[in-house]
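Shown next, in structure tokens, is the structure this report addresses.
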Amino acid sequence: MVNPKIAVEPKTGRYESLEEAVREAGGEVVPVADAQALVWADPATPHDLPGVLDGADGISWVALPFAGIEPYLPYLDHERVWTCARGVYARPVAEHALMLGLAGLRGLSTYARADSWAAPRGHNLVDGRITVLGAGGITEELIGLLAGFNCEITVVRRRVDPMSGAHRTMAFEDRLDAIAGADLVVLALALTPETEGVMGPAEFEAMESHAWVVNVARGGHVDHDALLAALEAGELGGACLDVTDPEPLPDGHPLWTHPRVIITPHVANTPEMGIPLLARHIRSNVGHFAAGEELEGVVDVDAGY
4 MVNPKIAVEP KTGRYESLEE AVREAGGEVV PVADAQALVW ADPATPHDLP
54 GVLDGADGIS WVALPFAGIE PYLPYLDHER VWTCARGVYA RPVAEHALML
104 GLAGLRGLST YARADSWAAP RGHNLVDGRI TVLGAGGITE ELIGLLAGFN
154 CEITVVRRRV DPMSGAHRTM AFEDRLDAIA GADLVVLALA LTPETEGVMG
204 PAEFEAMESH AWVVNVARGG HVDHDALLAA LEAGELGGAC LDVTDPEPLP
254 DGHPLWTHPR VIITPHVANT PEMGIPLLAR HIRSNVGHFA AGEELEGVVD
304 VDAGY
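Structure below.
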């Protein structure tokens, strides 16, 4: 396909780099009515997508801007190819997960809130044990970042296939055994009906009393009421949450002021970090589209991710 016609919506100056990526890959940026494909650039306005696609019968491929596509699930169909940014933001998110994990284990939640000299506390990550729920790009990047920490890494995934750099992989239904004994439990998996509330009473009870849970996936993975109860019962060391449910977390919510909770406002990947990475992904996929090749990050419409 010569010079595929690609629409980039919505039209704002913020996404000019995505239009440039289309052109660099040999595509032509056109209005939606003339397009063969659509790059949807704004993750905050999924509700506008159906109106843009209405009547755009020439569009055979829709590129979504995030790896997690929950807000777009009602609009997916089998008439078009849908792609997401799976793995695109993995490196900054993995870096954030590592930062949060270290902060939790080394007592930063206590020290950052202190107004006088505090007693020593903390656990090493070096030579520690980490369990990661999910086996996608974030986990791959996190395993690479952990190479110098000499950690024993367990990955929990749907299929018990080996994962490079992990010491063992375990099935999702065996997650309690995987969580037991870990110093750090990291959530880096897709949100599906099966994984919603995956960290609940049984999972927190399985954790070590000093261990921290880090969520850089979706807020719906964690039962927040169960988390607060488990913290009060001393079942885990603490929680680091980059995502919450609801989001934003309401002012006055008890998680904000809990001494063993660290919250960051969904900034594991910021626009400043993410848009250049998304542009690189779009550039690559426009090239594949033009050549009639398989696209990267194709969504399984039935599975929802």
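Residue numbers (my numbering): 4 to 308.
Beta carbons are placed, not taken as given, at the ideal position from N, Cα and C, and that holds for glycine.
How far does the beta strand (DSSP E) with residue i in it reach, from first residue to last?
i      : result
Leu41  : 40-43
Met173 : 171-174
Glu155 : 155-160
Trp85  : 84-86
Glu98  : Where Glu98 is concerned, there is no enclosing beta strand (DSSP E), although the alpha helix (DSSP H) it sits in stretches over 93-108.
Would you call residue i buried or exposed, if buried means 16 or more other Cβ atoms sit within 10 Å of its Cβ?
i      : result
Pro268 : exposed
Glu238 : buried
Arg89  : buried
Trp64  : buried
Asn288 : buried
Do residue j and residue i have their beta-carbon atoms positioned less than 8 Å apart in this structure?
i      : j      : result
Gly137 : Ala220 : yes
His261 : Leu280 : no
Gly241 : Ser112 : yes
Val189 : Ile133 : yes
Ile9   : Glu27  : no
Ala3   : Val35  : Beyond the ends of the chain as shown, which are 4 and 308, falls residue 3; an answer cannot be given.
Met202 : Val217 : no
What separation, rounded to the nearest whole angstrom, lies between the Cα atoms of residue i and residue j?
i      : j      : result
Asp51  : Gly107 : 39 Å
Asp180 : Arg171 : 12 Å
Thr198 : Ala174 : 13 Å
Pro123 : Tyr114 : 9 Å
Glu22  : Leu67  : 14 Å
Val246 : Gly222 : 5 Å
Leu79  : Asn127 : 45 Å
Arg83  : Asp37  : 16 Å
Trp259 : His99  : 19 Å
Gly131 : Pro253 : 34 Å
His291 : Gly300 : 12 Å
Between which two residues does the alpha helix (DSSP H) carrying residue i extend?
i      : result
Asn288 : 274-294
Val25  : 19-27
Ala232 : 227-236
Thr142 : 140-148
Arg116 : 111-116
Glu12  : Segment 8-12 is the beta strand (DSSP E) holding Glu12; no alpha helix (DSSP H) there.
Ala209 : 204-209
Note to self: For the region 94-108 against the region 137-146, do three or more pairs of beta-carbon atoms, one drawn from each stretch, fall closer than 8 Å, so that the two count as touching?
What the structure shows: yes
Margin query: Assess contact between the region 154-167 and the region 37-54, defined as three or more Cβ pairs (one per stretch) separated by less than 8 Å. Is contact present?
Written below: no
Notebook entry, point to check: Below 8 Å, can you find three or more Cβ-Cβ pairs linking the region 299-307 to the region 72-90?
Noted result: yes
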